[in-house]
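Worksheet for the structure shown next.
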Amino acid sequence: DDKSWLYIAIDYNQDYPTVEFVRRPTPSKKVKLFGPYVAASSIRQLFPFFKKTLGLKTCSLPANKPCFQASLGRCLGHNLGPGSKRRYHQQLKYFEQ
37 DDKSWLYIAI
47 DYNQDYPTVE
57 FVRRPTPSKK
67 VKLFGPYVAA
77 SSIRQLFPFF
87 KKTLGLKTCS
97 LPANKPCFQA
107 SLGRCLGHNL
117 GPGSKRRYHQ
127 QLKYFEQ
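Following our numbering, the numbering of the sequence shown begins with 37 at its first residue and continues without gaps.
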């Protein structure tokens, strides 16, 4: 529903954390939250830019099964070889800033 605040959540419970929108976040030490955002539509419009530019993982597939976006080089959130995990975590740090 659109009556609660929008947050962006990064789930660090995974080797390749997923970035997603949540409305009612559950507190967790391994989930980093950003928000609340009042203007949800503005955040939703900006997010594709960050996703495309930084290669953020938004799908629920495991890291060992690349998604369609990964096959196009648009998602770094899958195990694509040596150094891929480190590179993806660097991109997440850029996003957090």
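The beta-carbon is built from N, C-alpha and C at its ideal position, and this holds for glycine as well.
Please go through the same chain and pick out, in chain order, the residues whose beta-carbon is closer than 7 angstroms to the beta-carbon of residue 56, but skip the five residues on each side of it. 45, 94
Given a cut-off of 8 angstroms on the beta-carbon distance, is the pair residue 92 and residue 86 in contact? yes
Measuring from the CB of residue 89, is there a heavy atom of the ligand NAD at a distance below 7 angstroms? No copy of the ligand NAD occurs in the structure displayed, which carries no ligand at all.
Examine the Cβ distances between the segment 66–79 and the segment 97–114 and report whether three or more of them are shorter than 8 angstroms. no
Three-state secondary structure (DSSP) at residue 76? helix
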